[in-house]
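Trainee: Shown below is the structure under consideration.
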Amino acid sequence: MTDEDTITIAHGAGSKKMRSYLEDYVVSRFNGRQTSSTTVGLQAMDDGAVHEIGTKSVVITTDSHVISPLFFPGGDIGQLAIAGTVNDLAVMGATTPLSITCSLIIEEGTAVETIDAVLDSMKQTCDEVGCTVTTGDTKVMGSGEIDTLAINTTAIGDIDKGGHISDASQSPGDKIIVSGTVGDHGIALLAEREGIDISGNLTSDIAPVNEVVDAALQAGKITAMTDPTRGGLGTALNEMAQKADVGASIDKEAIPVDDAVASAGELLGIDPLYVANEGKVVFCVDEPDADRVLSAIRDTEAGRNAAIIGEITDQRQGSVILDTGFGKRYMTEPQGQQLPRIC
Numbered sequence: 007m008t009d010e011d012t013i014t015i016a017h018g019a020g021s022k023k024m025r026s027y028l029e030d031y032v033v034s035r036f037n038g039r040q041t042s043s044t045t046v047g048l049q050a051m052d053d054g055a056v057h058e059i060g061t062k063s064v065v066i067t068t069d070s071h072v073i074s075p076l077f078f079p080g081g082d083i084g085q086l087a088i089a090g091t092v093n094d095l096a097v098m099g100a101t102t103p104l105s106i107t108c109s110l111i112i113e114e115g116t117a118v119e120t121i122d123a124v125l126d127s128m129k130q131t132c133d134e135v136g137c138t139v140t141t142g143d144t145k146v147m148g149s150g151e152i153d154t155l156a157i158n159t160t161a162i163g164d165i166d167k168g169g170h171i172s173d174a175s176q177s178p179g180d181k182i183i184v185s186g187t188v189g190d191h192g193i194a195l196l197a198e199r200e201g202i203d204i205s206g207n208l209t210s211d212i213a214p215v216n217e218v219v220d221a222a223l224q225a226g227k228i229t230a231m232t233d234p235t236r237g238g239l240g241t242a243l244n245e246m247a248q249k250a251d252v253g254a255s256i257d258k259e260a261i262p263v264d265d266a267v268a269s270a271g272e273l274l275g276i277d278p279l280y281v282a283n284e285g286k287v288v289f290c291v292d293e294p295d296a297d298r299v300l301s302a303i304r305d306t307e308a309g310r311n312a313a314i315i316g317e318i319t320d321q322r323q324g325s326v327i328l329d330t331g332f333g334k335r336y337m338t339e340p341q342g343q344q345l346p347r348i349c
């Protein structure tokens with residue numbers, strides 16, 4: 007049996023290999039059984055599905071979380087489970103979740119106080135977004151059958167009918183905004199694992215993005231948005247360009263990267279542009295509204311380092327071009343696994 011016959015870590019790493027696997031083996035199986043209310047289904051491979059029910063568009067999304075260590079600089083798996091899922095709702099326009107489900111899979115022998123701390127963190131994050139867990143499930147696996155704890159969360163939200171925003175509705179001329187420094191979550195996790203001590207404050211950016219998205223939506227026309235989690239900014243930009251069949255021109259010097267993240271990334275040999283974020287949003291904005299949207303995002307606590315990093319073009323459809331200041335090159339999508347699982 008070869009690597010082609012088995013699932014590898016790369017199949018879940020947010021890379022081109024993962025997307026190809028999902029398209030070929032998952033989406034193709036379930037794509038033909040949508041209900042009449044489905045506006046956005048599995049084939050869109052967006053952050054969630056959308057169903058039109060009455061006067062509302064109902065958005066549903068699900069996510070699973072496994073991470074080591076469970077507690078890391080700036081957050082923990084409980085915060086990650088809630089924030090990560092409600093963020094997937096938010097970037098489709100549903101910034102007020104109605105209900106969250108939670109399934110815990112726990113390894114036998116795990117300390118009760120560990121699970122208590124995780125649940126406390128989940129409760130605190132629920133309070134931040136004005137929602138709570140309404141149903142769930144608990145399973146316990148034998149020692150060694152799972153690594154301490156895995157959490158699955160599903161969230162539902164609603165917006166006015168037809169008001170959802172996809173990650174593939176952008177047009178040439180739109181400006182691209184990222185809501186803050188990139189690579190913080192992934193680099194902080196890796197530095198913690200490797201015991202790397204870098205001067206500066208290396209912490210995850212994990213947080214709900216509801217406030218940032220609300221501010222942007224109220225300030226101008228958002229044509230597309232997504233949260234750059236697995237695979238980071240580079241993968242998110244490539245996915246958006248390929249889905250919309252447009253090009254993207256990015257100014258590398260304009261991308262906000264924290265100095266400590268840049269230093270740690272260089273030490274680890276990992277490009278922060280391809281590392282997971284857990285509290286950031288990539289917006290495509292109608293050009294006349296771009297400065298106003300940027301200002302509104304910067305007025306929020308989580309968006310104070312937001313920047314316009316480029317624009318959508320009609321050149322090289324499906325590709326992202328990075329201007330490094332010394333020349334231009336393709337900002338390609340990673341083929342496989344760049345780093346261990348971190349979200």
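Okay, so the sequence shown: first residue is 7 according to this note's numbering, each after it adds one. Even glycine gets a Cβ: it sits at the ideal position worked out from N, Cα and C.
1) CB M287 to CB V215, shorter than 8 Å?
2) With a threshold of 8 Å on Cβ separation, who are the neighbours of A55 within its own chain once the five nearest residues in sequence on each side are excluded?
3) Looking only at its own chain, which residues have a Cβ that is under 6 Å from the Cβ of S185, when we skip the five neighbours before and after it?
4) Using only the alpha-carbon positions, how far apart do V160 and H57 sit?
5) Taking the CB atoms as reference points, tell me whether A197 and G238 lie closer together than 8 Å.
6) Could you tell me which residues DSSP puts in a beta bridge with M231?
7) Could you pull the start and end residues of the alpha helix (DSSP H) that N93 belongs to?
8) Please report how far the alpha carbon of M337 lies from the alpha carbon of V326, in whole angstroms.
9) Do you know offhand how far T187's Cα is from A19's?
10) Mind checking whether V124 and D82 have CB atoms under 8 Å apart?
11) Using DSSP's beta-bridge definition, name the partner residues of N361.
12) Might you give, ordered along the chain, the residues of its own chain that have their beta carbon closer than 7 Å to the beta carbon of L86, omitting 5 neighbours on each side?
13) By how many angstroms is the C-alpha of L195 removed from the C-alpha of N207?
14) Using three-state DSSP, classify S4 as helix, strand or coil.
15) Should E151 go down as buried or exposed, given a rule of 16 or more other Cβ atoms within 10 Å for buried?
16) Do you know how far the Cα of I106 is from the Cα of K62?
17) Can you find the residues in the same chain that come closer than 6 Å, C-beta to C-beta, to K227, ignoring five residues on each side of it along the sequence?
18) Here's a check: name, in chain order, each residue in its chain whose Cβ is nearer than 6 Å to the Cβ of G115, leaving out the five neighbours to either side.
19) Using the Cα positions of H170 and S21, report the straight-line distance between them to the nearest angstrom.
20) Quick one: give me the first and last residue of the beta strand (DSSP E) that I13 is part of.
21) For I112, count neighbouring C-beta atoms within 10 Å of its own C-beta (all shown protein chains included) and say buried if the count is 16 or more, exposed if not.
22) Roughly how many angstroms separate the alpha carbons of G60 and G163, rounded to a whole number?
23) How long is the line joining the alpha carbons of M24 and N37, rounded to whole angstroms?
24) Tell me where the alpha helix (DSSP H) around Y27 begins and ends.
25) Under DSSP, the alpha helix (DSSP H) around G1 begins and ends at which residues?
26) Secondary structure at R335, three-state DSSP: helix, strand or coil?
27) In whole angstroms, give me the CA-to-CA distance for I261 and M147.
28) If you follow the alpha helix (DSSP H) that A221 is part of, which residue opens it and which one closes it?
29) Does S255 come within less than 8 Å of chain C when only Cβ atoms are used?
30) Taking a contact to mean a Cβ-Cβ separation below 8 Å, would you say E339 touches N244 in this structure?
31) What did DSSP end up calling E58 once you bin it into helix, strand or coil?
32) Provide the residue(s) that pair with E245 in DSSP beta bridges, ordered along the chain.
33) How many whole angstroms separate the CB atoms of L279 and I202, which I take to be in contact at a CB cut-off of 8 Å?
34) Apart from the five residues on each side of it in sequence, which residues of its chain come closer than 6 Å, Cβ to Cβ, to D133?
35) Just the C-alpha distance for D265 and D122, rounded to the nearest angstrom, thanks.
36) In whole angstroms, what is the alpha-carbon distance linking T101 and K145?
Mentor: Considering the structure as presented:
1) It should be pointed out that residue 287 corresponds to Val in this sequence rather than to Met. Yes, they are a contact pair.
2) Closer than 8 Å at Cβ, skipping near neighbours: T44, V46, G47, L48, V65, I66, T67.
3) V218, K286, V287, I303, G309, A312
4) Checking the displayed sequence, the identity of residue 160 turns out to be Thr instead of Val. Whole-angstrom Cα-Cα distance: 15 Å.
5) no
6) In the DSSP output, where bridge partners are listed per residue, M231 has F289.
7) 83 to 96
8) 5 Å
9) Computed Cα separation, rounded: 21 Å.
10) In this structure, D82 lies closer than 8 Å to V124 by Cβ.
11) The shown model of the chain, from 7 to 349, leaves out residue 361, and the question about it has no answer.
12) H71, I73, I212, E284, C349
13) 13 Å
14) Outside the shown range of the chain (7 to 349) lies residue 4, about which nothing can therefore be said.
15) exposed
16) 18 Å
17) D292, D295
18) S149
19) When rounded, the distance between both Cα atoms is 26 Å.
20) Per DSSP, I13 lies in no beta strand (DSSP E) segment and is marked neither H nor E.
21) buried
22) 14 Å
23) 18 Å
24) 22 to 27
25) The shown model of the chain, from 7 to 349, leaves out residue 1, and the question about it has no answer.
26) In this structure, R335 counts as strand in the three-state DSSP scheme.
27) I261 and M147: Cα-Cα distance of roughly 43 Å.
28) 216 to 225 is the span of the alpha helix (DSSP H), which, as asked, contains A221.
29) Among the chains of the structure shown, chain C does not appear; only one protein chain is present.
30) yes
31) strand
32) BP columns for E245 are empty, so no partner.
33) Contact flag wrong, Cβ pair sits at about 19 Å.
34) No residues qualify anywhere along the chain.
35) Per the coordinates, the alpha-carbon of D265 lies some 35 Å from the alpha-carbon of D122.
36) One C-alpha to the other measures close to 30 Å.
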